[in-house]
Amino acid sequence: MTTRRTLLATAAAASALVAAGAVAASAGSDDPAPRYATANLPAEVTPDQRTAIEALQSDAPIPVQDRTGTPRGFVRDSALTARDERVAGTLRERFREPTGPDDRDYLELFEALRVLDPVPVVDEGGTTVGYWTHDFNEIDELAKLEPEARATVQRLLP
Amino acid sequence: MERPGSVLFRFGWQVLPDVEASMVRSTRKAWASVAVGLIVVALSACKASEKVVVDSVETSSWVRCALGQSFVGEAGDDQPTQYGAATEAWRDYFCVNEDTGALWWDRLDVYARKYHGSYLCETSATYWTTTSRSVSVSDSAVCAPGGSSHIWAMGIHGASRPGAAIQREVSITPEVTST
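Residue numbers (this note's numbering), protein chains in the order written: chain A, 74 to 231; chain B, 222 to 400.
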């Protein structure tokens, strides 16, 4: 009898421990994990850098500028990352890994695939004002780049 | 010849082959430690993100090793160096696997984004590898022609394992003023 009571008490204690763990875990889940680890960033960052990092973590709109330095709209990190993952995935499956930072064929193909899978740049109202390849492109600019990009993909991808 | 107002940025992941042998010898001990650590983490119901801290070593001011790797060392501080009108700011960072000699990761990748003040002005291609060698980004471009420009680069390092989400780390270069 004593043994049974001891076993029941042990089981109850174990259940309570599991339940407490579950409650603690669910309480923790209210605080979403950061999208990027930043533990070792410098202690002192500039306000611009702090804002950029916060935009990464919250996937807030990131302001972009064109080649003249003029502000042109916004992109989100999730869209940029997803597109670059698609492009890198295509290169992994159908091409090869880069031989170094100056691998011309790899870079040419990467850029061609980015042109064919551009990220819309939107204004504050959500209207598309251009596209992001490796930088900002006007809508009609991108259309002119597409034929050459297709030719590059045809030439380099089996 | 570098173009005015440009910043050269480079981020590196490297594995030192001669260190791997000693890592293999201590594998059993390491696995035991990791197992105990994981049990403690599970019992204390910590979030998955906190497990990263258990497995990694936080010693670098710029980047840290990915999940499942150990910190070995890093190059000395490289202050931004001026090459004509361009500025280079980079650091190499050395990590080894805590695995039994097989690659712990499925692949490593790195890419960079260049900012002009608070504005994104250029993004590099993604460089990746599935082997034990470095992955780095090295690029330069003009973000804002003419005048004084506050330019800096953000490096994003990814390590992925089969069946697991990609673990991403962010590092940044100092802000550089180019004229």
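Glycine included, each C-beta is placed from N, C-alpha and C at the ideal position.
- The Cβ of A/P193 sits no closer than 8 Å to any Cβ of chain B.
- For B/L341, the nearest CB of chain A lies under 8 Å from its own CB, placing it at the interface with that chain.
- The CB of A/V137 comes closer than 9 Å to the CB of Y340, L341, C342 in chain B, given here in chain order.
- For A/V137, the uninterrupted beta strand (DSSP E) segment begins and ends at 135 to 138.
- For A/Y109, the closest Cβ of chain B is nearer than 8 Å.
- No Cβ-Cβ contact shorter than 8 Å links A/Y204 with A/L189.
- For the pair A/T124 and B/S392, the CB atoms are not nearer than the 8 Å cut-off.
- For the stretch 123 to 136 of chain A, the set of residues with a beta-carbon nearer than 7 Å to any beta-carbon of chain B comprises T124, A125, I126, L129, I135, P136, in chain order.
- With a threshold of 8 Å between beta carbons, A/D196 makes no contact with chain B.
- The Cβ atoms of B/T344 and B/L329 lie no closer than 8 Å to each other.
- Under the 10 Å beta carbon count, A/R167 is surrounded by fewer than 16 other beta carbons and is classified as exposed.
- According to DSSP, residue pairing for A/F209 in a beta bridge involves A/W205.
- When DSSP states are grouped into helix, strand and coil, A/Y179 belongs to the helix group.
- Nearest CB-CB separation between B/A380 and chain A: not below the 8 Å threshold.
- Under the three-state reduction of DSSP output, B/T350 falls in the strand class.
- Here the alpha carbons of A/R228 and A/A152 stand approximately 27 Å from one another.
- DSSP places B/L329 in no alpha helix (DSSP H) but in the uninterrupted beta strand (DSSP E) bounded by 328 to 337.
- In the three-state reduction of the DSSP assignment, A/R223 falls in the helix class, which pools H, G and I.
- By alpha-carbon distance to A/F209, the top candidate from A/E127, A/D132, A/R140 is A/R140.
- Inter-residue distance for A/S131 and A/A161 is about 24 Å (C-alpha atoms, whole angstroms).
- A/R165 and B/H371 have their C-alpha atoms spaced approximately 35 Å apart.
- Annotation: the continuous beta strand (DSSP E) that includes B/T344 extends over 340 to 344.
- Using a Cβ-Cβ cut-off of 8 Å, B/V358 counts as an interface residue toward chain A, since at least one Cβ of chain A sits closer than that to its own.
- Using a Cβ-Cβ cut-off of 8 Å, B/V391 is close to Y109, A110, T111, L114, I126, L129 of chain A, given in chain order.
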